[in-house]
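**Q** Under my numbering, the first residue of the sequence shown carries the number 158, and numbering increases by one thereafter.
All C-beta atoms in this analysis are idealised placements derived from N, C-alpha and C, irrespective of residue type, glycine included.
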Amino acid sequence: MSALIDTPMSPAQAAHQAKVSRRTIMRAIENHDLKAFRDNKNHWKIAAQDLEQWASA
158 MSALIDTPMS PAQAAHQAKV SRRTIMRAIE NHDLKAFRDN KNHWKIAAQD LEQWASA
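1. Please report the distance separating the alpha-carbon of tryptophan 211 from that of isoleucine 182.
2. Shortest alpha-carbon distance to aspartate 190 belongs to which of Ser213, Asp196 and Met166?
3. For the alpha helix (DSSP H) holding isoleucine 203, just list the boundary residues, first then last.
4. Per DSSP, which one or two residues make a beta bridge with arginine 195?
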């Protein structure tokens, strides 16, 4: 795996990869359907594995 795949992504990046809107990603995070965490700058980050799991559900 490349380092790019292992790097957590922003909601906008996740939305682009999953082909959904950023708002859909944010709703999934707020509803605890999509695992995400906040970085040290308080920005949401999503692991690629978690996005893949959410998208395939």
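**A** Judging by the given coordinates:
1. 10 Å
2. Ser213
3. That residue, isoleucine 203, is in no alpha helix (DSSP H); it is neither H nor E in DSSP.
4. Trp201
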